[in-house]
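Heads up, the sequence shown is in the working numbering, so the first residue is 191 and it goes up one at a time. Cβ coordinates follow ideal geometry from the N, Cα and C atoms, glycine included. Taking it in order: structure first as structure tokens, then the write-up.
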Amino acid sequence: MATLSIKDLRQAPGYLFRRAFQISVSIATEQLTPHNLTTVQFASLVGIHEHPGVDATRLSAIIKFDKATLTGVLDRLEAKALIVRQPHPTDRRTRMLFLTQEGERVLAEASIAARDTREAVLEPLPRAERKQLMLLLNKLIALHADRENAETHDPEQKVTPP
């Protein structure tokens, strides 16, 4: 069997996903930098906003990010006074996460940047192809959900087209 060529490599799904991810992160970074946020910090703020009092373990499941790395992200958000950690009333080992007023303000402003990011990433495609791409990506993720021990119909996972 012949060795794969660069042309073959560039048609592999993983390669294409990685390149699309790089483009998306680059655009998101441009949009979120003025708000002094990374993409994971933004996702964390969204998760905490939608689930006030969530703990880090549950937040990592909601935003699909590993808990070990998320701890450092939460430390930085706390240092920026965007979140606070409060002890759980019945479980002393658990810390509940809440946005501060500043966190709510930054999230509201950064949400505009996030919408702009989505538009900028998909903008080169005609509207019908944007919807088709988003539908296919959601379908592929759902079909592989068991592979990562995620819930097949996780409403937190689904991404809607613009």
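- The region 234-242 and the region 286-306 touch, with three or more beta-carbon pairs separated by less than 8 angstroms.
- With respect to the C-alpha of residue 240, the residue from 271, 289, 283 and 279 having the closest C-alpha is 289.
- Looking only at 269, 226 and 264, the smallest Cα-Cα distance to residue 286 is reached by 264.
- Within 10 angstroms of the beta-carbon of residue 302 lie fewer than 16 other beta-carbons, which makes it exposed.
- Contact annotation: residue 229 and residue 246 have beta-carbon atoms that are not nearer than 7 angstroms.
- Residue 320 and residue 278 have their C-alpha atoms roughly 42 angstroms apart.
- Out of 249, 333, 196 and 328, the CA that lies nearest to the CA of residue 275 is found in 249.
- With distances taken between CA atoms, residue 223 lies nearest to 304 out of 326, 304, 325 and 314.
- A direct Cα-Cα distance of roughly 12 angstroms separates residue 197 from residue 206.
- The three-state reading of DSSP puts residue 242 in coil, since its state is none of H, G, I, E or B.
- In the DSSP annotation of this structure, the continuous segment of the beta strand (DSSP E) that includes residue 277 starts and ends at 273-277.
- In this structure, the CA atom of residue 317 is about 12 angstroms from the CA atom of residue 325.
- Distance from the CA of residue 253 to the CA of residue 313, rounded to the nearest whole angstrom, comes to 25 angstroms.
- Around the beta carbon of residue 259, fewer than 16 other beta carbons lie within 10 angstroms, which makes this residue exposed.
- Assigned with DSSP and collapsed to three states, residue 287 falls in strand.
- The C-alpha of residue 282 lies about 14 angstroms from the C-alpha of residue 244.
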